[in-house]
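Participant:
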Amino acid sequence: MLDITLGVLVLGWIGSCICCFRAPQGVFRRAGISAMGVLVGTVAIWQGGNNVLEKFDLTWRSWVNTCFLVVMILACLAIPICAAGCMYKRKQWLFQMMCLLCVAELLIGGWWGMFFAALSYQPERDIVWEGRALVEEDQGFLGTRFAYYPRVGPLFKGKENVYVTYEMDKRLCLD
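Dropping the structure here:
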């Protein structure tokens, strides 16, 4: 059932993109094409950055991944809304179908998107331990797990963890 739901949403979303491209000039068309550009740019920077960072044994920090995910979700939710706006004065039956798609996408995609965005964020803080700059990441969802990675900058961290603990009292730099 989930596969069918996702398939219908993806096909509807692709149809929304086509509607935005085929619509006459206007605010909704510009907004829809801009949302597609933001989506493509975000995916290119996120995944292309992953490939480049992997060569240097680096990765994005948790908050950066969450920001990329939220921008992608918002762009994906905006495109069918813009497509419905493009169809408002042209074909009434297509406008009604796009409105139903928007409602379904906002209910399903919005809830799943917020759920995934909330789960993708892992609280982290920068610490200095024995002269080394580290990022402490709280990876415990239901339990306790703290992982420490080399701090490379505000956007990046080392890929391999330096230290992992499952106990609160064995954390580095306790508060």
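FYI, in my numbering the residues of the sequence shown are 60 to 234.
Cβ atoms here follow ideal geometry from the backbone N, Cα and C, with glycine treated the same way.
Predicted, not measured: the structure shown is a model, and the values here were computed from it.
Considering only DSSP beta bridges, list what residue 197 is partnered with.
Facilitator: 205
Participant: Taking the alpha-carbon of residue 85 as reference, which of 155, 158, 149 and 164 has the nearest alpha-carbon?
Facilitator: Per the C-alpha coordinates, the member of 155, 158, 149 and 164 positioned closest to residue 85 is 149.
Participant: With distances taken Cα to Cα, identify the nearest neighbour of residue 144 among 69, 92, 130 and 181.
Facilitator: Among 69, 92, 130 and 181, the Cα nearest to that of residue 144 belongs to 92.
Participant: Rounding to the nearest angstrom, what Cα-Cα distance links residue 193 and residue 119 in this structure?
Facilitator: 14 Å
Participant: Within the continuous alpha helix (DSSP H) that includes residue 86, where are the two ends?
Facilitator: 86 to 114
Participant: DSSP three-state call for residue 81: helix, strand or coil?
Facilitator: helix
Participant: Return the CA-CA distance between residue 136 and residue 98, expressed in angstroms with no decimal places.
Facilitator: 11 Å
Participant: Would DSSP call residue 164 helix, strand or coil?
Facilitator: Helix.
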